[in-house]
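Everything on this sheet refers to the single structure shown next.
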């Protein structure tokens, strides 16, 4: 099993308006450091999992829709909680959708998105394409 | 699959009194940076794996019993080697035991404890609750 | 010359409403990792720069006024830009003010505040008490 | 499940002479930070996965054959692309081969090699010995 | 005193052909993580040291001339040793030269370039413009 | 101004037996990550601050006297508090003493020792040889 990871970051404002979130109910924000891992059982003919430039472009494309935004007013999060876990799932689904169009995407077996919100806390979402979770086709 | 990780640290003295451990047979110590990961197949109704405050409290509670201690005199390690791997297992079991009492604990599918003892070495213990390893019930 | 540094973090929303700030004019947010360094020419009678618990409490006290806030509505930043540099200066001044009250504060020669806003960018503010910059008296 | 990881680094020159690699077709180089993880289902009689000194020696031995080399002229990469993924696989296979000779090697269930080439990109290769992938016997 | 730092990286091949450099006499390579710090006594009218986009562009422009290159064949290093210290000085001088043209450059009091070549070793070069070292005019 | 830094680590047990140290009065321990910086105004004829192998050997030699030790029983700390600050000063003085014997030592203008005891706390000691602080002669 092989994997390639690219790391990026994005900065957002948001609130988590439920009592369970305590002080995070107030409008605040975060720098999320995103690590996106592409998994593949065997390397392609160029001895890689995926072109690293293509991988970076895919992630940049997805994060551009979030960076410098107030998620409380983002249409994709209307009526939804933008927790770190939910954001990781959103990014994973969006990356999976975009890799369908690439040459190598169909060969990927899964991907992982880790979002680091502070040095002391992070959340991840993993998609396993072989298990029928949403991915490239 | 989702996960949430909280990071903490604790500082202990100990020795590893078997010839195989070379210079670590002497009384020395370590700062252990502990990363505790909670895994869950689907998010709860608050779009999270576990309340991050609750997760931190559980880990803090377990580590409070180790921090600023000499493990050579700690009752839980009497007659046992307090290697990084053994400490990771001890912490994983203690965290698993505490999450049984929480509302969300029963939904967790596993947890991972990584203990970083230097920038160049770390050990992990993973529990898979679905596989019958000790966990919440 | 000696120094002691404590690291904390806080999460805020803000905007930088001038054309020069490009996309950062929009309401967004950041996790700021704050490193606060206390400097002293000679150690005190306990062979330290400052009690690390006291240092942490001072920094925690200052950051509590910022954490989980929207700085656009924070009275201390009314009519002011909350850039990383300005925030570093604000924190440095507030820490300097609080250490005046401590036993060891008068002996400090300066302090530095570094705010890391992404893995790729950070800003610092240094105060040199001997040079007449605002500090403990 | 337990694991032990040791971290090392090595510095090489190489080129990736196919059009798909863009600017990396030119002779350039990298510092690779290598994290080698040894996995085992149960700890041995010393409450460890593997002697950490032995683990480090194995990894050092493998990396010594790569460090300060131009991989374009390295016999093991003749006619092969020395991508990060290919290097991770090469190191994983070499480590697996060397642990066959150790006392504890036969008990390992797998190993992972992660190579960090920049702060923003890394590749991994995982071998699962139980699944019949090349490993200790 | 204020500062702003931007971090980037570049990947090069080179050799250090003198006996004193031991194994580094051979052609090898490195990933250099570059931290470029801009220093200024007082903030400008936008409450910053320097526009962070401009700072990043300046550093990117300088590093573009080094990235994916074999420094043994780079005209700027002909007959010179491309040690980490020498590279830090080269980058500091090039950045200083480029900031002369910016609006804010004249107000800078100095800059620092740190090049991290492995997790365990780094070199820095600092220029103090007030002390007459080469800088903006 | 130039500098070269080498990073190492060591693991010790100790206690801080004064009431002011709270829970750290008990026997505990730490992993100290040591960053030792050598400063010099101009580079030597090999375009370096100091041979990095020599720098590492000097630091290794000093830390070998501390690693895997209980500082409460170390003769150099008899009757002294082994705080992070005191340890940084001890290491700085020992490194300064050893560089006197090296060829390049006399040209150094100072050195800095930073000891990271947790991800959230570190202490430093700086020696400025030009200012008459103990150093190479």
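Residue numbers (my numbering), protein chains in the order written: chain S, 8 to 144; chain R, 8 to 144; chain X, 8 to 144; chain H, 8 to 144; chain A, 8 to 144; chain W, 8 to 144. Ideal Cβ positions, reconstructed from N, Cα and C, are used throughout, including at glycine. In this text, all values refer to a predicted model and were calculated from it rather than measured experimentally.
What's the C-alpha gap between residue i and residue j?
| i | j | result |
| --- | --- | --- |
| residue 20(R) | residue 13(A) | 39 Å |
| residue 9(W) | residue 62(W) | 15 Å |
| residue 137(A) | residue 44(A) | 16 Å |
| residue 89(S) | residue 78(S) | 7 Å |
| residue 70(A) | residue 85(A) | 18 Å |
| residue 11(X) | residue 92(R) | 32 Å |
| residue 31(X) | residue 23(X) | 6 Å |
| residue 27(R) | residue 35(W) | 23 Å |
| residue 33(S) | residue 15(S) | 26 Å |
| residue 5(H) | residue 87(H) | Nothing about residue 5(H) can be read from this structure; chain H reaches only from 8 to 144. |
| residue 128(W) | residue 66(X) | 12 Å |
| residue 25(W) | residue 53(A) | 48 Å |
| residue 64(W) | residue 126(A) | 17 Å |
| residue 58(A) | residue 48(H) | 53 Å |
| residue 60(X) | residue 29(W) | 9 Å |
Should residue i be flagged as near chain A, meaning a C-beta pair shorter than 9 Å?
| i | result |
| --- | --- |
| residue 54(W) | yes |
| residue 91(X) | yes |
| residue 36(H) | yes |
At which residues does the beta strand (DSSP E) containing residue i begin and terminate?
| i | result |
| --- | --- |
| residue 19(S) | 9-21 |
| residue 80(H) | Looking at the DSSP string, residue 80(H) is not in any beta strand (DSSP E), and its letter there is neither H nor E. |
| residue 134(W) | 128-135 |
Between which residues of its own chain and residue i is the CB-CB distance below 8 Å, once the five residues before and five after are set aside?
| i | result |
| --- | --- |
| residue 83(H) | 72, 97 |
| residue 50(S) | 9, 56 |
I want to see whether chain X comes within less than 9 Å of residue i, judged by CB atoms only; does it?
| i | result |
| --- | --- |
| residue 124(S) | yes |
| residue 28(W) | yes |
| residue 147(S) | No statement about residue 147(S) is possible, as the shown extent of chain S runs from 8 to 144 and does not include it. |
So that I know if they touch, is there some Cβ in chain S lying closer than 9 Å to that of residue i?
| i | result |
| --- | --- |
| residue 116(R) | no |
| residue 131(H) | yes |
| residue 127(H) | yes |
Can you give me the start and stop residues for the alpha helix (DSSP H) that residue i sits inside?
| i | result |
| --- | --- |
| residue 67(A) | 59-71 |
| residue 105(A) | 91-106 |
Consider the Cβ of residue i: report whether some Cβ of chain R lies at a distance smaller than 9 Å.
| i | result |
| --- | --- |
| residue 22(S) | no |
| residue 102(H) | no |
| residue 82(W) | no |
| residue 42(S) | no |
| residue 88(S) | yes |
List the residues that DSSP assigns as beta-bridge partners of residue i.
| i | result |
| --- | --- |
| residue 42(H) | 14(H), 121(H) |
| residue 29(S) | The partner list for residue 29(S) (beta bridge, DSSP) is empty, contrary to what the question assumes. |
| residue 47(W) | 9(W), 115(W) |
| residue 37(W) | 19(W) |
Given residue i, which residues of its chain have a CB within under 7 Å of its CB, disregarding the five upstream and five downstream residues?
| i | result |
| --- | --- |
| residue 37(H) | 19, 124 |
| residue 131(A) | 95, 119, 120, 121 |
| residue 101(H) | 69 |
| residue 75(S) | 18 |
| residue 42(H) | 12, 14, 121 |
With a cut-off of 9 Å, does the C-beta of residue i fall near any C-beta of chain W?
| i | result |
| --- | --- |
| residue 15(X) | yes |
| residue 121(X) | no |
| residue 68(A) | no |
| residue 73(X) | no |
Should residue i be counted as a contact of the ligand COA given a C-beta to heavy atom distance under 8 Å?
| i | result |
| --- | --- |
| residue 30(H) | Because no ligand of any kind appears in the structure shown, any question about the ligand COA cannot be addressed here. |
Does chain H have any CB closer than 9 Å to the CB of residue i?
| i | result |
| --- | --- |
| residue 59(A) | no |
| residue 9(S) | yes |
Please return the same chain residues whose Cβ sits closer than 6 Å to the Cβ of residue i, not counting the five positions on each side in sequence.
| i | result |
| --- | --- |
| residue 46(A) | 10, 116, 117 |
| residue 40(W) | 16, 123 |
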